[in-house]
């Protein structure tokens with residue numbers, strides 16, 4: 004019974020996202036550059052959490068790529 008409710012919840016989530024998925028396919032916009040920037044900033048953030056101080060983080064974010 005629990006498996007059916009998980010499956011039903013999954014199906015409901017997909018149904019709720021139907022309009023967004025259709026718009027993503029139909030629209031001519033491309034978010035690749037934005038996605039690349041997000042990934043770059045996430046990588047910098049992970050480095051900062053390991054060992055970098057705020058000055059290094061600022062230098063990496065503001066540096067041209």
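Numbering (my numbering), first residue to last: 4 to 68. The C-beta atom is built at its ideal place from N, Cα and C for all residues, glycine as well.
Work out the CA separation of residue 22 and residue 8 for me, nearest whole Å.
Linking residue 8 to residue 22 through their CA atoms gives a straight-line distance of about 23 Å.
With DSSP as the reference, label residue 26 as helix, strand or coil.
Residue state, collapsed to three classes: helix.
Alpha-carbon spacing of residue 38 relative to residue 32, whole angstroms:
Computed Cα separation, rounded: 13 Å.
Could you tell me which of 10, 20, 65 sits nearest to residue 43, measuring between CA atoms?
Selection 10, 20, 65 evaluated against residue 43 yields 65 as nearest (Cα-Cα).
Just the C-alpha distance for residue 49 and residue 58, rounded to the nearest angstrom, thanks.
Each residue's alpha carbon lies about 15 Å from the other.
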